[in-house]
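Taking this note's numbering, I'd label the letters of the sequence shown as residues 270 to 418. To start, the structure itself, in structure tokens.
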Amino acid sequence: MIFSFKKALLTAAIFSVFSATATQNTYLETLKNMNFDELAAQYDIAFEGDQIFFKGNVVSILNTCMADPHTIRTKSKVVIETLDDEDFIVIGHDYLYKSVNGLKAMVDGDSVKYINHTIATEKNIHIVTNDDDLDFDHLFSKRYKIKKC
Numbered sequence: 270m271i272f273s274f275k276k277a278l279l280t281a282a283i284f285s286v287f288s289a290t291a292t293q294n295t296y297l298e299t300l301k302n303m304n305f306d307e308l309a310a311q312y313d314i315a316f317e318g319d320q321i322f323f324k325g326n327v328v329s330i331l332n333t334c335m336a337d338p339h340t341i342r343t344k345s346k347v348v349i350e351t352l353d354d355e356d357f358i359v360i361g362h363d364y365l366y367k368s369v370n371g372l373k374a375m376v377d378g379d380s381v382k383y384i385n386h387t388i389a390t391e392k393n394i395h396i397v398t399n400d401d402d403l404d405f406d407h408l409f410s411k412r413y414k415i416k417k418c
């Protein structure tokens, strides 16, 4: 009787592990089949490696488009502010533009060198877990290409 009870517990534990793994695999496959808009709507995941810097603004590559073959633009207008003494004042709303080709600063000992740099308009975006403790686990990567405006 005791032997069969231990065997039943072991079987239940093994089944639970396989069941949890199968559920996790199904969840991951569901995420992999989503487009970026669907992924962005998920509360439990986040993107890494999707940032483009427009001077003082950081924008997700998902929120940009190609204004022309050499210029990246934000999809929507952003708030334009100026610093007045200690306060920021909104002076308008406009699109942000950035050339695909530019210069990148490289520190070389005590000096700074500027080298030619091209922003990738197609790149892998890393899909990670979105935990409150900021301990992100990589789930998978998905390729994204900036579309025309």
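Glycine is no exception: its CB is placed at the ideal position from the N, C-alpha and C atoms.
In the DSSP assignment, Glu-317 falls within the beta strand (DSSP E) that extends over 314-317. The region 386-410 is shown to contain whole beta strand (DSSP E) runs of 3 or more residues at 391-398, in chain order.
Annotated three-state conformation of Asn-294 is helix, per DSSP. Comparing C-alpha distances from Arg-342 to each of Leu-408, Ile-388, Asp-400, Ile-394 shows the shortest one belongs to Ile-388. Counting C-beta atoms within 10 angstroms of its own C-beta, Val-328 has 16 or more neighbours from the protein chains shown and is therefore classed as buried. Residue range 305-309 is occupied by the alpha helix (DSSP H) that includes Ala-309. Leu-352 sits in a strand when the DSSP states are folded into three classes.
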